[in-house]
Amino acid sequence: MLGRWGTASYGGRSVPVIEVAGAHKSYRRRRKPAERALDGLDLMVDGGGVHGFLGPNGSGKTTTIRILLGLVRADSGELRLLGKPVPQALPDVIGHVGALVEAPLFYPNFGGRLNLRLLAETAGISRRRVEECLELVGLRERGDDRFKGYSLGMKQRLGIAAALLKKPQLLILDEPSNGLDPAGIREVRELIQRLGRDGRTTVFLSSHLLAEIEQVCDHVSIMARGRCVATGPVRQVLASRSTGDVRVRVPDQARARAVLVEAGFTLSDDPPEADGGAIRVHGVADPAEITRALTRERLYLTELSPIAADFESAFLELTQAQP
Amino acid sequence: MTDLAAATMTPSPAPDDPPHGSLLRAEVHRFRSRRFIQVVLALALVGYALVITLASATGFGKTTPEQLAAAERNVAEIVEEQNRFREQCLGDANRPVDIPPELVCGPPNTAESFPVEQFLDKVPFVLADNLPDGGIAVAVASAALAFLLGATYVGAEWSSRSMVALLFWEPRRFKVRRVKLGVLIGAAAMLAVFGQALWWGTALVMTRYLGRTGSLPADFYADLLAQQGRSVLLVVFAALLGFGVSNLIRNTGAALGVGFVYFAVVENAIRVVRPRWQEWLLTDNAAALVLTGGHRIFIFGEGFVDEQGAFVESGREVLLTNLHGGLVLGVATAVLVALGVVLFQRRDLH
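For the protein sequence lines, the chains are G and Z, in the order given.
Under my numbering, the first residue of the first sequence carries the number 1, and numbering increases by one thereafter.
Under my numbering, the first residue of the second sequence carries the number 1001, and numbering increases by one thereafter.
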């Protein structure tokens, strides 16, 4: 229940911008069993920074976003955006939420500028803000060209511009790098980081690009089979999946192996060449014990480094684990 | 403290009231900016001008007294000739005696049997006759146009999925639908009023240069205005029907296809297979709504063979009143639109 995270409040303490508790959603399909998209999803996104939303295809990311934006109805569960229950109070907060979900959706025969103006009129946003956003995404000069004539990257940038029109407190971006060239990807990532640092905007970034999440996000929630299987600061999520292995390098490898085995450590069976001539020690709770054991025998370390899980490994381990 | 920590610990600002926009203004802007709608309306105007020009050049014209006299002489000669043939027929000994002579030789001919206009190269434009008749033609054309506009207005939004994008800005689906319907109703009514006004103006000009006013019944203008009012209603219904079908199918082309199949195939099939249902068909009720005094239809029955072995058609004549036409069209439109609105409220959108 939402209560375990505290009641949403704006009275001087941090309020989650997104709260999801026990959300279930199944899609009925003709002559096929229902497809379970969300299976008791719990998710909390604190205000500020960039929160990554990562998961393999079909894990429920887009369904979660669609439910938060009122496009899809959850079968059960409680959801809040900026402290307000959705979908009931969505009209109260939608003016503070910008979104780009999958492909940008615009009239193909209208120019980019006209498309943005129509949306701006809906929310009473000035034309000056439209120009600012076009400028921000580098489309001001091409603003009068028809949307259908835009490249994939330009369409994506216009979608981001539309999402930014409201100066949102919460910016939901679903695969914003799709179709962008390397320079465009870099620009978008810098923009996301800049927005995340402004202290006002929280960016909720759904992506399948592990590198993007690792590079851009402060926090991450990882989805698998309709549930959130890990959440927290990116480094913390990595650390929690750490193997506890340590790489040890000393001049006299054979003696060092004997000392460590005698001290009770478990060594990898791999030949030293497999790890660049180093010894791999498993399940080390405190690497200082290794230092102590080797120093007692006058064996001096040239390297002692914990082997951290890379993000990809952590992601695969989390998402491929059996329920 | 890192930026991130600072940002996380900073209370999120309270969501104050979002800026007040105008969905209605945006929708009107969206509607009138649609290139397809602009092109269709422009083409309709060009088509109207073309038809009027052709009709004026080839069909209507003032008649000189000499031309009229010549035509009347022509009619008198034909009447005399036809009656001579009739007399010959009646006096023919071989004429079947068991069939009434009126059925074999026909009734006596009079000048009324041969309208004098048929014997003139160009007929005068008679305001009393042509203004109401032309108004109905304009209403039918406007209704077809309105069906197309209604279908494309919402169909294009589904095709481009900008309907979904709009919900990121206004998540109250019922409000979105209400505003869109309001814009469409307003646009259809304007189209209908403009069409009728344009035709009225055209008719006055044609009367001035190509014809005469004719004898106007006492309640001519009251009847005309009532007919035009009902025409506006028909055009609005047509626009809503187009909207309703397109909204259910989510595609303009498919909606137009459904419309074509219904009007060209289904209605004709019903007239043949289930003639009793004819009084519920949309086209008959559209005619009933617009025509002054309603629309008479003959509903064919099974028919039978009489004692002499002749096939006798059975059936009944039904008067579909203006009210009947309005109610049938209104209910059909309301059901279709309501179904679309309810589904839009409930459906998951992807």
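A virtual CB, placed ideally from N, CA and C, is assigned to each residue, including glycine.
Cβ-Cβ separation between Leu71/G and Leu1166/Z: approximately 11 Å, too far for a contact (criterion under 8 Å). Rounded to whole angstroms, Glu1117/Z and Arg1178/Z show a C-alpha spacing of 51 Å. DSSP links Arg29/G through a beta bridge to Lys32/G. If you draw a 10 Å sphere on the C-beta of Ser1215/Z, you find fewer than 16 other C-beta atoms in it, and that means exposed.
Rounded to whole angstroms, the separation of the alpha carbons of Arg1173/Z and Gln169/G is 23 Å.
Where Asp174/G is concerned, the enclosing beta strand (DSSP E) starts and stops at Leu170 to Asp174.
Here His282/G is exposed, its C-beta having fewer than 16 other C-beta atoms within 10 Å.
The straight-line gap separating the alpha-carbon atoms of Val220/G and Lys61/G is approximately 13 Å. His1324/Z places its beta carbon less than 7 Å from that of Ala1288/Z.
Chain order gives the chain Z residues near Asn109/G as Arg1035, where near means a beta carbon separation below 7 Å.
Put simply, the stretch 104-111 of chain G touches the stretch 1154-1164 of chain Z. At least three CB pairs are less than 8 Å apart. Residue environment: Asn1094/Z is assigned as exposed (fewer than 16 neighbouring CB atoms within 10 Å of its CB, all protein chains considered). Within the stretch 50-76 of chain G, the residues whose Cβ lies closer than 8 Å to some Cβ of chain Z are Arg66, Leu69, Gly70, Leu71, Val72 and Arg73, listed in chain order.
The C-alpha of Thr1207/Z lies about 58 Å from the C-alpha of Lys166/G.
Between Phe1147/Z and Ala1238/Z, the C-beta gap is smaller than 7 Å, which places the two residues in contact.
The Cβ atoms of Leu54/G and Ile213/G sit closer than 7 Å to each other. The Cβ of Ala99/G sits closer than 7 Å to at least one Cβ of chain Z. At the C-beta level, Phe1300/Z and Ala99/G stay beyond 7 Å of one another. In this structure, the straight-line span from the alpha carbon of Glu1072/Z to that of Pro1115/Z is close to 9 Å. For Gly1315/Z, the enclosing beta strand (DSSP E) starts and ends at Gly1315 to Leu1320. Around Gly1134/Z, the same chain offers Trp1199 and Ala1203 as residues with beta carbons nearer than 7 Å, after the five sequence neighbours per side are excluded. In terms of Cα proximity to Val15/G, the closest of Leu195/G, Glu297/G and Asp46/G is Asp46/G. Here Ala1026/Z is not near Thr64/G, since their CB atoms are 7 Å or more apart.
Neighbours of Arg1177/Z across chain G, judged by C-beta separation under 8 Å, do not exist; the nearest C-beta is about 14 Å away. Here Cys228/G carries a strand assignment [DSSP, helix/strand/coil]. Contact annotation: Leu119/G and Gly153/G have beta-carbon atoms that are not nearer than 7 Å.
Taking a Cβ-Cβ threshold of 7 Å, none of the residues of chain G is close to Pro1124/Z; the smallest such distance is about 47 Å. What Val1164/Z touches in chain G, judged by beta-carbon distance under 7 Å, is Leu71 and Leu105, going in chain order.
Secondary-structure assignment with DSSP links Ile1297/Z through a beta bridge to Val1318/Z.
Taken in chain order, the complete alpha helix (DSSP H) segments of 4 residues or longer contained in the stretch 97-174 of chain G are 112-123, 127-136 and 152-164.
In this model, Glu1170/Z and Leu1181/Z are separated by some 15 Å (Cα to Cα).
Among the residues facing chain G, Ala1026/Z is included, as its CB has a counterpart in that chain under 7 Å away.
Taking all protein chains shown into account, Gly1047/Z has fewer than 16 neighbouring C-beta atoms within 10 Å of its C-beta and is therefore exposed. With a threshold of 7 Å between beta carbons, Ala123/G makes contact with chain Z. Sequence-distant Cβ neighbours of Ala1128/Z in its own chain, meaning closer than 8 Å and more than five residues away, are Thr1213, Gly1214, Ser1215, Leu1216, Pro1217 and Phe1220. Think of a sphere of 8 Å around the beta carbon of Glu1117/Z: no beta carbon from chain G falls inside it, the nearest being about 48 Å out.
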